[in-house]
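Have a look at the structure below, then the notes.
Protein chains in written order, with the working numbering: chain A, -8 to 655; chain B, 63 to 428.
Here it is in C-alpha cells:
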C-alpha cells in the first residue's frame, strides 16, 4: 500500500512524459505535412477538385463559290473518362459498357492507348454518343463520377459522299502525327484534317480550342466555373467549287453507271469548278471516329473508294495525247496546221507497220481533220518528226508527267518518257520506234486525270498553265478576303494561229464528224477529244482469258467550251467504259448546267438512257444496263483489235508489234 | 452525499477545456455537413448539439454521485452493459454491416461507448480492493476476464476499433495499480509474437487489406488506400494558416469520406491549418495532463486508478484518430473523442470526464 502510493506519482509522471512525447511527435508530423510539404499537397488537392475542360473550337465552314454551305459543324456528345477521378477503373468501364451497350473490351483498349497521358486528361471513350446513351449516363451520374459528357462541335458533310475526296475527312490526331513538329501544339484527342481540303487547310480550318476551369466535387459534379477562355472558330473558306456543277458531275456518273473521275476547271485562272472521284465514301463516318470494320471495308474494297482517282490514279492518256503531239509539232515548227499526211490505214516506221484504227485509211488529212478523225497515221508521222525529247518538253510544259500543284494532298505524277528518262529508269537507249506508240498516247506515257485537265485548260487558253486550286476567299472572322491564286506554273505562249487551228480541230471532233458528238451542245461550241486508256495489252488480254471486266479499257473525254473563248475545260474519265465517247455525255451534262446557270436558264435534265435495258452502245458489244454492267464480273467475249501496242515491258528492246493502237 | 461546498474544488479549467473542444468539434461538424447549394446545415449538427446537452447532464450526474458509490455498484453497471451488448448482438440496429446500436426511437444508443466507463469502474474497484494491487499474474488474469467479456462482445458486432480501445483502459488501470514492469515487458513480447498469427487467422480480409494498404497506400490508390491518401492531401493542403473555415475543398467537395465523423480532424487541419492543429493539440494535451493531475491528487487508490483508466482510453483514442487523420495510421473506425460526430461517444466521453472531475473534486472528503 505504502509502496503503491509512492510508485503512483512516478508512474503518473511517466505517463505524462509519454503523452507529451507522442503529442510532440504528432505536432512534428503535422508540421511536415502542412508546412514542409504543403506545396505538393496543395497541388494534389487542386487536381482533385479542379478540372480543365477543353472547349473544342468549331472548324471553319466551307462554302462553294456562290455561298452555298458545303461542310459545317453540328453539336455532338462525347463521353470521356477522367482516370484521376475513377476510384475503380474496371468497375467504371464495366458499368459504362453495360449502360451504353458499347463493347467493354473496346473501351479498355481506348483507355490503354492513352495509358501514358496525365491522369487528369479526359480520354474520349465514345464519340458522338446517341441521345439514349447520354441520357443513360446522366441518369447514373453518381456511380460514374469519372465519366464526363461533353458537347463538342463535330464535322458534318451534309451531302454525304458528294465531293468526299475533295473535302477529305477529319479524325483524331494519331500518335505519329503528334510527334511531328507542326503538330507540337496539339494534344492527344485533337481532331485534325486527315485528307482533302480538310488536311491541306487544316491550320486555317482548325481554330483555337478554348478551355474552362471548373470546380468539381468528388462525384464529378461541377460546382462552379473558375475561368473560361472562349474557343475561336476556324477560318471559313470559300471554295472555287460550284456546287451545282459538282452535283451535276456526280449525278451524271450515277446516271450512266460508271466509276471514274471528272475535273472541271476555269481555264482562265485554274479555279477548280468541280472535281469528283467515283466511287466515294461518306466522310461523316470518319468525323466521329471510324470503327475498325468500316475502315477495313473501305480499305479492302476492290473499287478503292478511298483513292482520289483525279490525282492518285495513273492511266495511259490514249488519243487525248495527240493534242500534245500537235502542240509540240506546231510550236517546234515541225509542221503547220496545213501539213498533210496520207493515211492508207497505217504506215511503216522503222521496219514495222503501225495500223490506223480505220481499216481503209482516212485518205489525205491535214491537222484539223486528223484531230477530228483521230487519225493515228497522221500522229505517228508527226510524233516521229518531233521526236521523243521534244514531245517530252511540250508534254511537260502542258503539265503532263509532273504534279499540277493543286492544293490537295497526296497528288502523284504521271510519266512522260524521254531518252533521259529511259536511261535513268532502265539504263537503256530510247528506240525511235517507241516514239510512234507514245505519239498516240500509248506505251510508257501515263497521266493523272487532273494533269490531263490542266493540259486541256492550257491548250484552251493557249498561253498559261495555271495551277489548279480550290480556295477563292477566306474569312478570318473579319470579312471575306480574296486569296490570291497561285502563280502560273508555266507560260507557253502559243502562236495565235496555232491555237486557232487546234481549237478548230477540237471543235470538229464534237461538232463535225468526230468521235465527240455526244458532247455537242447547240450554240455552245464545245471542243474536245476522246481517248481510250488501255488497261492491259492485247497480248496480256489474251493471256488473261479476255473475260474479266476489270481488263476493259477506260474512256477519256477532254474538252473546253466555247471553243473561241473558253470558260470551262476539263476531263471526264470513265473506268472500263471501253470508249472515250462514253465519257462525253457526262461532260456534256455538266457543261449544260454550267451554261444554263451562267445565262439564268432552267437547269437541264439528264437524257433518259437509250432503251434500258436495250443497249446504249452497239448491241454486239454491249447488252447490259449500265448499273448491272458494273456488277458483272464477266462480259461477252469480244475480239480484240488486230494488233496491240506492247505493254510497258522494260525487257523489250524494240517497241510495238506492227499495227495500230486501238482507238475509236 | 452531495455537498454544495464541493463545487469550490471543481476543476473549472479542465471543464472549460473540454467544453471548448466540444464546441470546436461542433463547429467542424457544421463545416463538414453544410450544404452550400441549399444553404443548410446537415441534421448531424443538431443531433450533436443535443447530444452535448445530454452529455453535460450525464457529466453532472457522474459528478454529483460520489465515485466511490458508483465504483461499489460497478459490477451491476458492467452487468447491465453486458446485457445490452448481448441485446445488441441479437436485436440491435445495424448499419454499415455491423450491429452496434439500440434504437431508442429518437436516438440510437451505442452501448459499447458506455462499456468503457463500466470497465474503468470495475477495474479501478478490483485493483483498489485487491491488497496487492496488480502485481502478479493471477490478479492480472482475473482483471483480464473483466476486460475480455465486453471486448469480445463488441468485437463480435463487429467493432474491432472500439473493442481495442478497452485494452488501454485495462492497461492504464493495471499500470496505475503497480503492475510490474516485468509483466508489461512480457505482455509486449507476447503481443509482438502473436501479432503475425493474429494477422493470418484472426483478422478478416478487409482488415488485412487495410493494414497492407497502410503500408503501401499508393499501391491501391483508388481502393482502400483512397481514404488514406485523401486524408494526407486534406491535411497537407491546409498549410500553415489553413484554407479558412468552410473553405476547405477536400471536405466541402466530399473527397474525404465520413469527414464529420472519423476524419473531422483532417478537415480541421485543412480549414484551420497548422495553427488550428497546434491549438487543438495543445488543448487535448492540457486535458490529458490536467486529468492525470486529478489522479495524482486523488484521495484514494480507487480514484487514482479510475482516472488513469479513463484517461488511458481517452488518450489512446485521441492519438490514434489524429494519427489516422493525417494519413499516418491504417483507417479504423475510431472517433475523435469530444470532436467527432456521434451521440453515444460524446455522451460517454463527457460522462467519463464527470467521473474524473468527481475524483478531483472529492480529493479532500472522507
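Backbone N, C-alpha and C define an ideal beta-carbon position, used for all residues, glycine too.
The model shown is predicted, which means the values in this text are computed figures rather than measured ones.
Under the 8 Å Cβ criterion, the stretch 288 to 300 of chain B counts as touching the stretch 330 to 340 of chain B, having at least three qualifying pairs. In the structure shown, residue 266 of chain A adopts extended strand secondary structure according to DSSP, grouped into three states. Fully enclosed alpha helix (DSSP H) runs of no fewer than 4 residues occupy 129 to 134, 136 to 153 of the stretch 127 to 169 of chain B, in order along the chain. In this structure, residue 457 of chain A places its C-beta atom within 8 Å of the C-beta atom of residue 261 of chain A.
Listed along the chain, the chain B residues whose CB falls inside 8 Å of the CB of residue 40 of chain A are 311, 312, 315, 317. Within chain A, no C-beta atom comes less than 7 Å from the C-beta of residue 138 of chain B; the nearest is roughly 27 Å away.
Going by beta carbons, residue 67 of chain A and residue 311 of chain A fall outside the 8 Å limit. Linking residue 404 of chain B to residue 414 of chain B through their CA atoms gives a straight-line distance of about 15 Å. Close CB contacts of residue 69 of chain B within its chain, under the 6 Å cut and outside five residues either way in sequence, are absent. Within the stretch 293 to 305 of chain B, those residues whose Cβ lies closer than 8 Å to any Cβ of chain A are, in chain order, 294, 295, 296, 297, 298, 299, 300, 301, 302.
Between the beta-carbon of residue 109 of chain B and that of residue 329 of chain B there is about 18 Å, and that puts the pair past the 8 Å contact cut.
At the C-beta level, residue 305 of chain A and residue 268 of chain A stay beyond 8 Å of one another. The stretch 575 to 584 of chain A and the stretch 241 to 248 of chain A touch, with no fewer than 3 CB-CB distances between them shorter than 8 Å.
Assignment of residue 387 of chain B by DSSP, reduced to helix, strand and coil, places it in the helix class. In the three-state DSSP reduction, residue 428 of chain A falls in the helix class (H, G or I).
In the three-state scheme derived from DSSP, where H, G and I count as helix and E and B as strand, residue 266 of chain B is classed as coil.
Partner residues in the beta bridge of residue 306 of chain A, as assigned by DSSP, are A:438. Here residue 37 of chain A is exposed: its Cβ has fewer than 16 other Cβ atoms, across all protein chains shown, within 10 Å. Looking only at A:111, A:489, A:499, A:94, the smallest Cα-Cα distance to residue 324 of chain A is reached by A:489.
Residues of chain A whose Cβ lies closer than 7 Å to the Cβ of residue 354 of chain B are, in chain order, 3, 6, 7. Close CB contacts of residue 233 of chain B within its chain, under the 7 Å cut and outside five residues either way in sequence, are with 374 (chain order).
Cβ-Cβ distances below 7 Å link residue 409 of chain B to 113, 116, 117, 120 in the same chain, with the five nearest sequence neighbours on each side left out; the list follows chain order.
Of the other Cβ atoms in all chains shown, 16 or more fall within 10 Å of the Cβ of residue 392 of chain B; this residue is therefore buried.
The beta-carbon distance between residue 236 of chain B and residue 205 of chain B, rounded to whole angstroms, is 6 Å. This is short enough to meet the 8 Å contact definition. With fewer than 16 other beta carbons inside 10 angstroms of its own, residue 57 of chain A counts as exposed.
DSSP places residue 72 of chain A in no alpha helix (DSSP H) but in the uninterrupted beta strand (DSSP E) bounded by 60 to 72. DSSP places residue 550 of chain A in the uninterrupted beta strand (DSSP E) bounded by 545 to 552. The closest CA to that of residue 341 of chain A, considering only A:391, A:186, A:423, A:415, is found on A:423.
For chain B, none of the residues of the stretch 230 to 243 of chain A brings a beta carbon within less than 8 Å of one of its beta carbons. At a Cβ-Cβ threshold of 8 Å, residue 54 of chain A and residue 61 of chain A count as neighbours.
At a cut-off of 8 Å between beta-carbon atoms, residue 385 of chain B makes contact with chain A. CA-to-CA, the gap between residue 295 of chain A and residue 283 of chain A works out to about 17 Å. Between residue 252 of chain A and residue 432 of chain A a beta carbon distance of about 17 Å is seen, past the 8 Å cut, so the two are scored as non-contacting. Pairing residue 471 of chain A with residue 229 of chain A gives a Cβ-Cβ distance under 8 Å. Per DSSP, reduced to three states, the secondary structure at residue 54 of chain A is strand.
Close partners of residue 229 of chain B in chain A (Cβ separation under 7 Å) are lacking, with about 16 Å as the shortest Cβ gap.
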